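Numbering (our numbering), first residue to last: -10 to 322.
Set out below in structure tokens:
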């Protein structure tokens, strides 16, 4: 995030690099940087003759170089953007000679999604010397909630840790998808409002009462009635609540609970740091640890692995999701 701001700031100062090689597993920031360059470097009048978009599937490295070597017309720079450049991965090293001596009046933007250049190769070192190498790494699940909080704060909103987790659980870790939903919220919710579970349910469609987050909490508290109601809801709405998501979340929870049992220091700060969770959720592990001793937790993790195999057809013949969910609850509580 900070590096993106630095790149944008340099462009705004009138100091663009001749090459921007944007690579990595998280496409969100790659798209954001390339979009910013496309929208802000040239004026609308200049774009007609001096801005070109190529696609990796439909071009070659040689074509990219040929276009990059052109001179701008009645403008200080020309912009050449290569989208989906990962399709050029087999020949991308052919860009070395241009990277070693790039056209100073060209801003070449290469969007190399889901892949990375080999740091040992000449191309990586050449671009590092003459241009900007930006690596966009995928965020871990526990980092996405903080990303949501910071993004909403920048838009003038507040959000609770619980609501952040609810969004991550429903939307996953795809930042582009999450960003689209946050943009929709900002259109209908006044600024300075706290984004609550009720607002999320109303505008995004996530049930604030029947979701994996609430199931995990109910199981941790050994609230069998509440957990059963959620399980029944999941069984009736299998498409919206896939079993693989539920069992993955519970496996993570009990694995973290096993770690909790092994800690000598159960202070909230230490637990949050070791388990990689927001301090807000430490109390859930404190409660669950009283309900599930270490030996029982180990057994539950083993049971969850068996159920995961059954859900994939190993040792069971096409068990219905409703039956898997019921067995899951029985095995745990």
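No residue lacks a Cβ here, since even glycine has one placed at the ideal position from N, Cα and C.
Computed from a prediction, not measured in an experiment: that's the story for all the values here.
For the pair residue 260 and residue 280, the Cα-to-Cα distance works out to about 18 Å. Ranked by Cα distance from residue 277, the options -3, 68, 195, 208 are led by 208. Taking C-alpha positions only, residue 161 is separated from residue 62 by approximately 45 Å.
Taking each of 109, 108, 122, 158 in turn and checking the Cα distance to residue 129, the smallest one comes out for 158.
Residue -4 carries a helical assignment under DSSP once its states are collapsed to helix, strand and coil. Membership of residue 41 in the beta strand (DSSP E) is indicated by the continuous run 40 to 44. Residue pairing of residue 110 in beta bridges, as defined by DSSP: absent, with no partner found.
Spatial neighbours of residue 167 in its own chain (CB-CB distance under 6 Å, excluding positions within 5 residues in sequence) are listed in chain order as 160.
For the 7 Å CB-CB criterion, residue 54 and residue 87 form a contact. Linking residue 164 to residue 15 through their CA atoms gives a straight-line distance of about 8 Å. With a threshold of 16 other beta carbon atoms within 10 Å, residue 176 falls short and is exposed. Under DSSP, the beta-bridge partners assigned to residue 68 are 40, 96. Here residue 13 carries a strand assignment [DSSP, helix/strand/coil]. The bridge partners DSSP lists for residue 102 are 13. Within the same chain, Cβ atoms closer than 6 Å to the Cβ of residue 38 are found at 62, the five residues on either side in sequence being excluded. For residue 123, the enclosing beta strand (DSSP E) starts and ends at 121 to 124.
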